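Trainee: Heads up: the sequence shown is residues 65 to 497, going by this note's numbering.
Every residue gets a Cβ at the ideal spot worked out from N, C-alpha and C, and that includes glycine.
No experiment lies behind these values; they were computed from the predicted model shown.
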Amino acid sequence: MKYYSTNNKSTQATLQEAVVKGLASDRGLYMPEVIKSLPDSFFEEIKDLSFQEVAYVVADAFFGEDVEAEDLKKIVYETLNFDVPLVHVNDNIYSLELFHGPTLAFKDVGARFMSRLLGYFIKKEGQKDVNVLVATSGDTGSAVANGFLGVDGIHVYVLYPKGKVSPIQECQFTTLGQNITALEIDGVFDDCQALVKSAFMDEELNKKMYLTSANSINVARFLPQAFYYFYAVAQLHKLGKKDNIVICVPSGNFGNITAGLFGKRMGMPVKRFIAANNRNDVFFQYLNSGVYTPKASVQTIANAMDVGDPSNFARVLDLYGHSHEAIKNDISGCTYTDEQISETLLDCYRKHGYLLDPHGAVGYRALSEYLESDEVGVFLETAHPAKFKDTVDRILGEEISIPEKLQAFMKGTKQSINLPKDFASFKAFLMNE
Ligand SMILES: *Cc1c(COP(=O)(O)O)cnc(C)c1O
């Protein structure tokens, strides 16, 4: 399968090139040349398939031309060895819990899949060893570090701002060791991101080592997110609910929801999507006005969605041939303040006994406001509430417990390297590695 750039259809790459490079040289995002439709027979039997079985069918449609069947199957079965349950919350509303993986957030799916696919290209296709640089304000670092842990031929450097990530988040990427190095930068998140960008542009550094990024625009992180949408449909079919399915996605960079839109294009029987935003609502504004105006992000309690210029917006436009009308037919939007998010989290817990995290709360609220009586709604619960313990405790006025998996990270020994925020120091460090 060939991949083209959203900036220019004639800029083409193989899957291996697209995965290793991440972003096309013209700064566009890679799109698969063909989005295959899945046969009716698949949707007829989907209710009887496991998550891994569903995922393999979808993975084969994306990657089957480029990865040996046996290897692809192994990648799917190894990376998706956790449950993605659909849990009833109230009325016609269900939560798709995406937090049963190693770092308790949906980013585990893409990060794990990408690491194995990159590992495959290194082992089978003679790809040189790669060094992954990732700047994080918390969640991405933990998913990427854990996803890539122990994969041969790959070394990961996680750059994070000193004192600016919560202790629970920090321990998830500083206690791992092996091929994961945590770099504690004396600065803010933007400094970390600037260091990574400068490194990619530095000729001397790129001669010495093969550098790549593992951010959410990478096709190997982005496409696998489609798997669990199909599995949500499978679970609804099992409950006898086949019609008028609405999926609501708490959105920031719009990678997650775009993978769902790919699923719809492949024939997944979903009526419509809702993109739920916090106060960072440029997509909502675009739906209303037809004009896209990126803004600086504002800080909210659903901070993984604090994005003012969603990187995957280019993919949404491309998928719908830049038609505002066509986009509005499939997706509606909404935006909530921190007060509304807190109120929803507390209300849902009190009335239905279901504990949301601040991101899932945005999704649940949208369904409770906009779902019609003949529709059945699924929102993606993108992270476990304990990942945002301080916020959730404050809203509930009580202490929530921390799952075993997170506690295990907190028992590890922190290993990190302190660096100032100037590029010369960072470069000198990498040159000595
Ligand atoms: C990353 C993230 C999101 C936003 O996902 P996008 O793909 O960037 O839209 C939502 N919730 C949580 C918990 C996240 O970590």
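1) Between the region 459–468 and the region 403–412, do three or more beta carbon pairs fall short of 8 Å?
2) Residues in the same chain with beta-carbon distance under 6 Å from T364, minus the five sequence neighbours each way, listed in chain order, please.
3) For N71, I'd like the list of residues in its chain whose CB is within less than 6 Å of its CB, leaving aside the five on either flank, ordered along the chain.
4) When the Cβ atoms of the region 308–325 are set against those of the region 198–211, are three or more pairs found closer than 8 Å?
5) Taking 8 Å as the threshold (C-beta atoms), are P288 and F177 in contact?
6) Taking 8 Å as the threshold (C-beta atoms), are A199 and C256 in contact?
7) Cβ atoms of D203 and A169: under 8 Å apart, would you say?
8) Give the secondary structure of I405 by DSSP, where H, G and I count as helix, E and B as strand, and everything else as coil.
9) Is I321 near ligand 1, going by C-beta to nearest heavy atom under 7 Å?
10) Following the continuous alpha helix (DSSP H) through R379, name the residue where it begins and the one where it ends.
11) Kindly provide the ranges of any beta strand (DSSP E) runs that are 3 or more residues long and lie completely inside the region 140–164, ordered along the chain.
12) Buried or exposed, going by whether 16 or more other CB atoms sit within 10 Å of the CB of D307?
13) Got a sec? Which residues, its chain only, sit under 7 Å from M332 by beta carbon, not counting five neighbours each side?
14) Does the beta-carbon of K478, which I'm using as the reference point, lie nearer than 7 Å to any heavy atom of ligand 1?
15) With a CB to CB cut of under 6 Å and the five nearest residues on each side skipped, what residues in its chain are close to A425?
16) For L229, which of F253, N243, V220 and I218 has the nearest alpha-carbon?
17) Quick check on T238: buried or exposed, where buried means 16 or more other Cβ atoms within 10 Å of its Cβ?
18) Kindly identify the DSSP beta-bridge partner or partners of M397.
19) Looking only at its chain, what residues have a beta carbon closer than 6 Å to the beta carbon of D421, apart from the 5 residues adjacent to it on each side?
20) Can the beta-carbon of Y511 be found less than 8 Å from the beta-carbon of V283?
21) Anyone know if the C-beta pair for V222 and N243 falls short of 8 Å?
22) Quick one: give me the first and last residue of the alpha helix (DSSP H) that S353 is part of.
23) Quick check: the region 119–129 against the region 97–105, are at least 3 beta-carbon pairs closer than 8 Å?
24) Report the option in I311, K226, I395 and L162 whose CA atom is closest to the CA atom of I481.
25) Consult DSSP for V131 and reduce its assignment to one of helix, strand or coil.
26) Excluding the five sequence neighbours on either side, which residues of its own chain have a C-beta within less than 6 Å of the C-beta of T245, listed in chain order?
27) When you compare only the Cα positions, how much space is there between D104 and G441?
28) Check whether the Cβ atoms of L144 and F115 lie closer than 8 Å to each other.
29) Given 7 Å as the limit, tell me if K171 has its C-beta closer than that to any heavy atom belonging to ligand 1.
30) Would you mind reading off the limits of the beta strand (DSSP E) that contains Q257?
31) By how many angstroms is the C-alpha of T477 removed from the C-alpha of T357?
32) Buried or exposed: V313, going by 16 or more other Cβ atoms within 10 Å of its Cβ?
33) Can you tell me whether H219 is helix, strand or coil according to DSSP?
34) Identify the continuous beta strand (DSSP E) that holds E248 and give its terminal residues.
35) Assuming the contact rule is C-beta atoms closer than 8 Å, I249 and Y224 should be a hit. Round their C-beta distance to whole Å, please.
36) Give every residue of the same chain whose Cβ lies closer than 6 Å to the Cβ of A82, excluding the five residues on either side of it in the sequence, and list them in chain order.
Mentor: Put simply:
1) Here the region 459–468 lies against the region 403–412, with 3 or more beta-carbon pairs under 8 Å apart.
2) In the sequence shown, residue 364 corresponds to position 300, counting from 1. Correct list, in chain order: N342, R343, D370 and D402.
3) Mapped onto the sequence shown, residue 71 falls at position 7. Sequence-distant partners of N71 (beyond 5 residues in either direction) whose C-beta falls short of 6 Å from its own C-beta, in its chain, are D90 and G92.
4) Too few Cβ pairs lie closer than 8 Å, so no.
5) Looking up residue 177 in the sequence shown gives position 113. Looking up residue 288 in the sequence shown gives position 224. The criterion of a C-beta distance shorter than 8 Å is satisfied by F177 and P288.
6) Taking the first residue of the sequence shown as position 1, residue 256 is located at position 192. Taking the first residue of the sequence shown as position 1, residue 199 is located at position 135. Yes, the Cβ-Cβ distance between C256 and A199 is below 8 Å.
7) For this step, residue 169 is matched to residue 105 along the sequence shown. For this step, residue 203 is matched to residue 139 along the sequence shown. Going by C-beta atoms, A169 is nearer than 8 Å to D203.
8) To locate residue 405, count along the sequence shown from 1; it is residue 341. Residue state, collapsed to three classes: helix.
9) For the purposes of this step, residue 321 is taken as the residue at position 257 of the sequence shown. Between ligand 1 and I321, a heavy atom-to-CB distance of less than 7 Å is present.
10) Reading the sequence shown from its first residue, position 315 is the one you call residue 379. First-last of the alpha helix (DSSP H) with R379: F377 to L383.
11) Counting only runs of 3 or more residues that sit fully inside the region 140–164, the beta strand (DSSP E) segments are 150–154 and 157–161, in chain order.
12) Counting from 1 along the sequence shown, the entry for residue 307 is found at position 243. Answer is exposed; the Cβ neighbour count stays below 16.
13) By one-based count along the sequence shown, residue 332 stands at place 268. Correct list, in chain order: Y293, F294 and V297.
14) Against the sequence shown, residue 478 aligns to sequence position 414. Incorrect: K478 has no Cβ contact closer than 7 Å to ligand 1.
15) If you number the sequence shown from 1, residue 425 lands on position 361. I405, T408 and L409.
16) Working through the sequence shown from its first residue, we reach residue 229 at position 165. In the sequence as displayed, the identity of residue 229 is Val instead of Leu. If you compare the alpha carbons of F253, N243, V220 and I218 with that of V229, the shortest gap goes to F253.
17) Looking up residue 238 in the sequence shown gives position 174. Burial call: buried.
18) In the sequence shown, residue 397 corresponds to position 333, counting from 1. The sequence given here has Gly at residue 397, not Met. In the DSSP output, where bridge partners are listed per residue, G397 has A339.
19) Reading the sequence shown from its first residue, position 357 is the one you call residue 421. Scanning its chain for C-beta atoms nearer than 6 Å, with the 5 sequence neighbours on each side dropped, one finds around D421 the residues A447, P449 and F452, in chain order.
20) Missing from the structure shown is residue 511; the chain here goes from 65 to 497 and no further.
21) Locating residue 222 in the sequence shown gives position 158, counting from the first residue. Locating residue 243 in the sequence shown gives position 179, counting from the first residue. The answer is no: Cβ separation not under 8 Å.
22) The residue labelled residue 353 in the question sits at position 289 within the sequence shown. Looking at the DSSP string, the run of the alpha helix (DSSP H) that includes S353 is V346 to S353.
23) The answer is yes - the region 119–129 touches the region 97–105, with three or more Cβ pairs under 8 Å.
24) Within the sequence shown, numbered from 1, the residue matching residue 481 stands at position 417. Closest by alpha carbon: K226.
25) Within the sequence shown, the letter at position 67 stands for residue 131. Coil, per DSSP.
26) Along the sequence shown, one-based indexing puts residue 245 at 181. If we look at T245 and ignore the five residues flanking it on each side, its Cβ neighbours are Y221.
27) If you number the sequence shown from 1, residue 104 lands on position 40. If you number the sequence shown from 1, residue 441 lands on position 377. Rounded to whole angstroms, D104 to G441 spans 22 Å at the Cα level.
28) Walking along the sequence shown from the start, residue 144 turns up at place 80. Walking along the sequence shown from the start, residue 115 turns up at place 51. Their beta carbons are under 8 Å apart, which means L144 touches F115 by this criterion.
29) Here residue 171 corresponds to residue number 107 of the sequence shown, with the count starting at 1. Because some heavy atom of ligand 1 lies under 7 Å away, the Cβ of K171 counts as near it: yes.
30) Within the sequence shown, the letter at position 193 stands for residue 257. For Q257, there is no enclosing beta strand (DSSP E); the enclosing alpha helix (DSSP H) has its first and last residue at F253 to M265.
31) Locating residue 357 in the sequence shown gives position 293, where the first residue counts as 1. Locating residue 477 in the sequence shown gives position 413, where the first residue counts as 1. One Cα belongs to T357, the other to T477, and the distance between them is close to 44 Å.
32) As a position in the sequence shown, residue 313 is number 249, starting the count at 1. By the neighbour-count definition (other C-beta atoms within 10 Å, threshold 16), V313 is a buried residue.
33) Counting from one through the sequence shown, the residue named residue 219 turns up at place 155. H219: strand per DSSP, three-state reduction.
34) Counting from one through the sequence shown, the residue named residue 248 turns up at place 184. Note, E248: beta strand (DSSP E), I244 to I249.
35) Translated into the one-based positions of the sequence shown, residue 249 becomes position 185. Translated into the one-based positions of the sequence shown, residue 224 becomes position 160. Contact flag correct, Cβ pair sits at about 7 Å.
36) The count along the sequence shown starts at 1 and reaches residue 82 at position 18. Taken in chain order, the residues that qualify are Y67, Y94 and V283.
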